[in-house]
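Asks: Counting from 1, position 145 in the sequence shown corresponds to residue 144 in numbering that gives the first Met the number 0; the numbering is continuous, with no gaps. Sharing a structure here in structure tokens format.
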Amino acid sequence: MDTTIINILCLVLLFVGILGTFLPVLPGLLLSICGLLIYKFGTDADLSMIYIWAFGILTAASVVLSYVIPAKTNRKYGGTRWGSIGSVIGTIVGIFIPIPLGFLIGMFAGVFIGELLHDSKDMNKALQSTKGALIGFIYGTGFSFVVGVAMFLVVLLNMFNII
């Protein structure tokens with residue numbers, strides 16, 4: 000296959016992967032890492048394996064953090080373990096609900112319901128906990144976005160022999 004076509008495919012995968020860091024219908028960094036791997040092994044690129052390992056680790060960390068950060072910030076904003084568990088369960092259930100942003104709605108509903116199950120009289124605490132989950136989601140998404148942009152830039156700079 001022509002190197003130009005492979006390079007274009009890689010850049011498209013990397014770009015769509017960046018979009019996927021905040022659009023839940025796309026697998027995000029998984030697409031980006033595929034673009035990086037295709038670039039490294041599908042062309043005669045002299046990209047160091049350090050980049051492959053580093054971005055592989057960051058991608059794995061991002062997948063884990065996308066579940067952990069909202070649960071932890073939920074706790075920081077006064078949430079209980081019930082809200083944290085609800086966050087993870089709601090996110091997983093929301094992935095399978097065929098509505099736009101289902102995983103996000105599921106996460107927030109899980110936190111809110113979890114907190115209300117713990118203390119049905121304190122709706123303000125449940126709302127604060129849900130706010131913490133939102134802030135955590137923004138942190139996790141921001142981390143994934145930065146990693147995706149870094150992958151894109153590394154490949155682009157390597158294509159032009161800058162790095």
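Virtual Cβ for every residue (Gly too), placed ideally from N, Cα, C. A quick note: this is a predicted structure, and the numbers were derived from the prediction, not measured.
(1) Put Gly78 into one of helix, strand or coil per three-state DSSP.
(2) Nearest CA to the CA of Val63: which residue from Lys39, Met0, Ile91?
(3) Answer yes if the region 81-90 comes into contact with the region 143-160, meaning at least three C-beta pairs across the two stretches below 8 Å, and no otherwise.
(4) Would you tell me roughly how many angstroms separate the C-alpha atoms of Asp1 and Lys75, rounded to the nearest one?
(5) In angstroms with no decimal places, state the Cα-to-Cα distance between Gln127 and Leu133.
(6) With a 10 Å radius around its C-beta and 16 neighbouring C-beta atoms as the bar for buried, classify Asn73 as buried or exposed.
(7) Reducing DSSP to helix, strand and coil, say where Phe107 ends up.
(8) Suppose contacts are defined by Cβ-Cβ distances below 8 Å. Is Gly109 in contact with Phe102 by that definition?
Replies: Short version:
(1) The residue given as residue 78 occupies position 79 in the sequence shown. Under the three-state reduction of DSSP output, Gly78 falls in the coil class, being neither helix nor strand.
(2) Start at 1 with the first residue of the sequence shown, and residue 63 comes out as number 64. Measuring from the Cα of Val63, the nearest candidate turns out to be Ile91.
(3) Verdict: no, contact absent.
(4) Position 2 of the sequence shown, counted from the first residue, corresponds to residue 1. Position 76 of the sequence shown, counted from the first residue, corresponds to residue 75. Roughly 52 Å separates the two Cα atoms.
(5) Your numbering for residue 127 matches position 128 in the sequence shown. Your numbering for residue 133 matches position 134 in the sequence shown. Each residue's alpha carbon lies about 10 Å from the other.
(6) As a first step, residue 73 is located in the sequence shown; it is residue number 74 there, counting from the start. Asn73 is buried by the Cβ-count criterion.
(7) Translated into the one-based positions of the sequence shown, residue 107 becomes position 108. Assignment of Phe107 by DSSP, reduced to helix, strand and coil, places it in the helix class.
(8) By 1-based counting over the sequence shown, the position of residue 109 is 110. By 1-based counting over the sequence shown, the position of residue 102 is 103. Between Gly109 and Phe102, the gap from beta carbon to beta carbon reaches 8 Å or more.
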